[in-house]
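Working notes for the structure below.
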Amino acid sequence: MKIEMLVVFALFIIGASAGACEPNETKLSITRCDRVCHSEKKLCAERGSTQMCFCKLGFQRLINDFGAPCVRSKDCIKCDENKVYEICGSDCPEYCGMPEDEVCDKKCVKGCFCKEGYVLVSEVSEKCIPRSECPTIY
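FYI, the numbering used here numbers position 118 of the sequence shown as 150, with every residue one higher than the one before it.
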């Protein structure tokens, strides 16, 4: 009897932990969307998806990815103009005049990075400008 109860309890624990949601998420079997920090876009599950983890009320995704954590709106990371927050950005951000053969270890780092189509003004600058506005180097 004790062994049977132990087996049932173990199966319950395994079942409960399989596919468990993160602390600020809840599992739902409906199709819905999560808000994303500092974005007009919403992250939506595909129609017909089975149970998925969505952000709890008052929380939103840190970035546009279901693998990203859900944070309170006040905890969203605000980046400067023309930058976006990334969980895995390049350790060697592109800048105007960057040599094509520059060696980079391609480490993954968290932080604010230039939006798509933008680059840093220089190697030491924090300002992002459209790639097309980089000064021509002769």
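For glycine and all other residues, C-beta sits at the position ideal for the given N, C-alpha and C.
Remember, it's a predicted structure, so these values are computed and weren't measured experimentally.
Nearest neighbour of residue i, chosen from the options [CA to CA]
| i | options | result |
| --- | --- | --- |
| K142 | K115, Q83 and M130 | K115 |
| D97 | C111, D112, E113 and K73 | K73 |
| F86 | C53, C111, C108 and H70 | C53 |
| K138 | S164, S122, G149 and P131 | S122 |
| L60 | V68, M84 and E78 | M84 |
Residue i, buried or exposed, once every other Cβ within 10 Å from all chains shown has been counted against 16
| i | result |
| --- | --- |
| C120 | exposed |
| V156 | exposed |
| I62 | exposed |
Contact check, residue i vs residue j, beta carbons under 7 Å
| i | j | result |
| --- | --- | --- |
| D66 | R104 | no |
| C140 | C124 | no |
| E113 | V151 | no |
| C128 | C166 | yes |
Rounded C-alpha distance that separates residue i from residue j
| i | j | result |
| --- | --- | --- |
| G51 | P162 | 42 Å |
| L75 | Y117 | 16 Å |
| G90 | C146 | 28 Å |
| K110 | C144 | 8 Å |
| N56 | E148 | 29 Å |
| A77 | T168 | 44 Å |
| S164 | G99 | 33 Å |
| E132 | R64 | 43 Å |
| V68 | V153 | 28 Å |
| I95 | E158 | 21 Å |
Cβ distance (whole Å) where residue i is taken to contact residue j below 8 Å
| i | j | result |
| --- | --- | --- |
| K88 | T58 | 5 Å |
| H6 | C108 | Nothing can be reported for residue 6, as the shown portion of the chain is limited to 33 through 170. |
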